[in-house]
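Working notes, structure below.
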Amino acid sequence: MTNENDITSIKKKKSFEIDMCNGPLLGKIILFYVPLMLSSVLQLLFNAADVIVVGRFAGDEALAAVGSTGSLINLLVNVFLGLSVGTNVLVSRFFGAGQKKDLDDMVHTSILTSIVSGVALVFVGFFLAPIALRLMAVPEDVIDMSILYLRIYFVGMPVMMAYNFGSAILRAVGDTKRPLYYLLIAGVVNVVLNLIFVIPLHMSVAGVALATVIAQGLSAFLVLQCLVKTDSDYKLSLHKLRIERDKLLKMIRIGLPAGLQGALFSVSNVLIQSSVNSFGKIAMAGNTAACNIEGFVYVSMNALHQASVSFTGQNYGARKFDRIGKILMICLALVIGVGIILGNGAYIAGGTLLKLYTDNPEAIAYGVLRLSVICTTYCLCGMMDVIVGSIRGMGYGIMPMLVSLTGACLFRVVWIFTVFQNVHTLQCLYLSYPISWALTFSAHLVCFWIVFRKEKRKIA
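Take the sequence shown: its position 226, counted from the start at 1, is 277 in our numbering, and no numbers get skipped.
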């Protein structure tokens with residue numbers, strides 16, 4: 052007989068989970084999206100707090116040093132973070148299909164994989180940092196600070212990976228609220244430590260890197276504690292941590308293409324960062340500040356990409372194909388609205404927002420230039436990501452990777468070595484983004500239609 056405590060526990064568990072396979076979709080997607088979007092914004096605030104504090108209290112050299120590492124960090128970690136996409140898709144599928152044993156194996160395989168990946172990245176980041184930054188032509192007056200920032204940052208990779216894989220599990224079952232609460236706590240800690248380490252202790256870039264690592268450690272602890280204490284089928288038991296070969300291979304099949312895509316996108320972004328570096332440290336500072344502002348727009352849209360992955364994954368597992376097309380249309384409509392409103396808002400308020408990062412008028416002008424091209428067209432990027440999420444949610448990883456690499460990554464590389472060489476301006480460099488987004492979205496739309504019809508025929 053069910054007692055009162057069991058009923059309370061069930062109600063509490065269900066209050067965090069979302070039934071993605073039954074009932075109206077719009078309200079549930081928004082309920083999933085809003086906490087996830089806020090979580091992504093808080094996570095981005097980690098880096099924004101770093102940038103603002105060093106820009107205001109440690110100077111343009113420190114600001115340029117932190118900014119010059121962003122593309123390289125993404126390049127090195129995206130392959131491993133891509134595996135968390137595989138975790139999201141498979142946990143969604145097993146949860147939606149009610150396959151408890153597969154779900155249990157997936158949870159424990161994912162968490163152990165995250166820890167192993169994080170430890171590997173500590174060594175990769177430490178030893179590759181100087182070589183990679185010099186290949187990127189980071190100016191000599193900031194390269195030592197850039198190396199120091201990177202090395203401290205990468206010490207935190209195990210906890211960063213654990214947080215991302217753990218939160219991927221929670222997202223897969225519809226729980227985007229608790230990761231938001233955890234990041235809110237960690238974000239406050241990060242900002243406070245930034246101010247302490249940089250202003251009174253004068254630790255400059257080392258201080259902001261150390262603050263980020265500590266805050267990430269706290270958020271990882273809270274997520275893992277949540278998984279350990281839950282009574283749901285996705286409960287984490289530390290003594291059961293193991294890597295199931297079949298689950299790892301499935302995770303790699305879906306997630307590795309996403310990771311490679313992110314890494315190779317970062318190659319094109321590293322080339323773009325290197326091109327920006329050729330305009331000097333003031334342009335680098337302005338570009339860094341603008342990147343942080345546009346990052347808030349990007350993660351607000353990218354949360355809808357993650358919604359499309361989770362909702363599509365669960366409905367694919369439940370074999371409810373009639374809902375998958377509706378999920379895509381709702382997510383596309385929402386991401387267009389978010390991209391237009393936030394993107395153009397960021398551009399209009401750009402001059403004011405950039406003053407939070409730097410007092411240098413020339414750096415602000417460089418930042419406004421980037422915002423005028425990127426943010427006003429950012430909804431195209433959101434559309435591209437949402438449709439990729441739907442394709443991945445159905446278990447396809449290689450196809451969207453190849454399309455994205457050709458339509459966006461390769462296109463930008465070709466642009467840099469052809470058009471940009473003849474029109475050597477930052478505006479020309481930035482134009483490669485919206486053009487590549489539009490081309491890639493069009494190709495993905497065709498791919499989604501092919502995949503959807505193919506999968507639907509399997510159950511006809």
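Where a beta carbon is used, it is the ideal one built from N, C-alpha and C, also for glycine. This one's a predicted model, so the numbers in the text were calculated from it and none came from an experiment.
| Item | Value |
| --- | --- |
| Alpha-carbon spacing of residue 331 relative to residue 259, whole angstroms | 23 Å |
| Exposed unless 16 or more other CB atoms sit within 10 angstroms - verdict on residue 412 | exposed |
| Spatial distance of residue 480 from residue 118 (CA atoms) | 18 Å |
| Beta-carbon gap between residue 154 and residue 285 smaller than 8 Å | yes |
| Three-way DSSP call (helix, strand, coil) for residue 278 in this model | helix |
| Three-pair Cβ contact test at 8 Å for the segment 435–447 versus the segment 355–372 | yes |
| Enclosing alpha helix (DSSP H) for residue 413 [first to last residue] | 412–425 |
| Given residue 106 as reference, the closest of 372, 343, 224, 328 once Cα atoms are compared | 343 |
| Candidates 433, 159, 374, of which the one nearest residue 74 by Cα | 374 |
| Reduced DSSP category for residue 486 - H, G, I as helix; E, B as strand; rest coil | helix |
| C-beta contact flag for residue 419 and residue 478 at 8 Å | no |
| Whole-Å CB distance - residue 146 paired with residue 224, under 8 Å assumed | 5 Å |
| Spatial neighbours of residue 345 in its chain, beta-carbon cut-off 6 Å, leaving aside the 5 residues before and after | 425, 426 |
| Pick from 502, 362, 483, 131 that is closest to residue 77, judged by C-alpha positions | 362 |
| Where the alpha helix (DSSP H) containing residue 160 begins and where it ends | 151–186 |
| C-beta atoms of residue 334 and residue 271 nearer than 8 Å | no |
| Inter-residue Cα distance where the pair is residue 179 and residue 508 | 48 Å |
| The segment 401–416 in contact with the segment 453–469 per 3-pair CB rule at 8 Å | no |
| Enclosing alpha helix (DSSP H) for residue 329 [first to last residue] | Here residue 329 belongs to no alpha helix (DSSP H), and DSSP marks it neither H nor E. |
| Integer-rounded CB distance, given that residue 391 should sit under 8 Å from residue 430 | 5 Å |
| Contained alpha helix (DSSP H) runs [length at least 4] in the segment 206–239, N- to C-terminal order | 208–223 |
| Sequence-distant residues of its chain with Cβ nearer than 8 Å to residue 471 (five each side left out) | 326, 479, 480, 483 |
| Buried versus exposed, by CB contacts within 10 Å (16 or more), residue 370 | exposed |
| Close beta carbons around residue 91, own chain, < 8 Å, minus the five adjacent residues each side | 350, 351, 353, 354 |
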